[in-house]
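Q: The structure follows.
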Amino acid sequence: GQNIDQPTEMTATEGAIVQINCTYQTSGFNGLFWYQQHAGEAPTFLSYNVLDGLEEKGRFSSFLSRSKGYSYLLLKELQMKDSASYLCVGLKAAGNKLTFGGGTRVLVKP
Amino acid sequence: EPEVTQTPSHQVTQMGQEVILRCVPISNHLYFYWYRQILGQKVEFLVSFYNNEISEKSEIFDDQFSVERPDGSNFTLKIRSTKLEDSAMYFCASSKEDPRANSPLHFGNGTRLTVT
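Chain order of the listed sequences is F and U. According to our numbering, the first sequence is numbered sequentially starting from 1. According to our numbering, the second sequence is numbered sequentially starting from 1001.
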């Protein structure tokens, strides 16, 4: 199977840091995407990791460990507009199909 | 910034009717996709399309579904005889290259299909 697991919901305070963990079955995936999805809207691309290590993009960073089947998305200096679902998305090694996790709903409180 | 556009934003249809969901991918993109999201559930892959043919499809994408790129700009999803369980948000997406080349998918805002 190609399960992707992430927590359902997290709450954090404006200005704080939140780390969203994602685990996946290592066989069959070529890379990991993170997407942001506001309620009722399209997923928007945040990051892509294909090699182990940390990718930093402004307030958002993403980490991948392929041997452990583990990734995380780090959101720093949280803003109210960061309240959204964050989707961990695996890319199949063969083909170009994306497999989505259930998403982690992050609620940023003042 | 160029974006994927989808029409209509909402579609209500009766069970058994045919629907066509329309998408205009980003103009220089070569790979096209349909995904769907049933309310409260995960986004699910339906089909990918490249070089004027289906490159991959899921088990959801049965004989009731078809895709077409009728001209140089549109990409459509047809559901021949809709069922209640087809009610979902349907997202069109495109990517410039194969996503394995670090070419992310860009999603449209979706068409919410309600089958009554």
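For each residue, glycine too, the CB sits at the ideal point set by N, CA and C. Note that this is a predicted model, so its numbers are computed, not measured.
Take the Cβ of U/P1099 as the centre, count every other Cβ of all protein chains shown within 10 Å, and call the residue buried at 16 or more, exposed below.
A: By the neighbour-count rule (16 or more Cβ atoms within 10 Å), U/P1099 is buried.
Q: As an exercise, report each continuous beta strand (DSSP E) stretch of at least 3 residues that is fully enclosed by the segment 1028-1088 of chain U, in chain order.
A: Whole beta strand (DSSP E) segments, 3+ residues: 1031-1037, 1043-1050, 1053-1057, 1065-1068, 1075-1079.
Q: Following the continuous beta strand (DSSP E) through F/G58, name the residue where it begins and the one where it ends.
A: Note, F/G58: premise wrong, no beta strand (DSSP E); not H, not E.
Q: Would you mind reading off the limits of the beta strand (DSSP E) that contains U/H1010?
A: U/H1010 -> beta strand (DSSP E) spans 1010-1013.
Q: So with Cβ pairs under 8 Å, would you call U/N1102 a contact of chain F?
A: Closer than 8 Å to some Cβ of chain F, the Cβ of U/N1102 qualifies, so yes.
Q: Going by DSSP in three states, F/K109 sits in which element: helix, strand or coil?
A: If DSSP states are grouped into helix, strand and coil, F/K109 belongs with the strands.
Q: Taking all protein chains shown into account, do 16 or more other C-beta atoms lie within 10 angstroms of the C-beta of U/V1067, making it buried, or fewer, making it exposed?
A: U/V1067 should be labelled buried.
Q: Can you find the residues in the same chain that come closer than 7 Å, C-beta to C-beta, to F/S61, ignoring five residues on each side of it along the sequence?
A: Closer than 7 Å at the Cβ level, and outside the excluded window around F/S61, lie L54, E55, L74.
Q: By the DSSP assignment, the beta strand (DSSP E) with F/N21 in it spans what residues?
A: That run of the beta strand (DSSP E) goes 18-24.
Q: Going by CA-CA distance only, name the one from U/N1052, U/T1082, U/G1040, U/E1059 that's closest to U/L1046.
A: Residue U/E1059 is the option with its Cα nearest to U/L1046.
Q: Going by other Cβ atoms of all chains shown within 10 Å of its Cβ, with 16 needed for buried, is F/G1 buried or exposed?
A: Model confidence at F/G1 stands at a pLDDT of 47, short of 50, so the residue's coordinates are unreliable and nothing is read from them.
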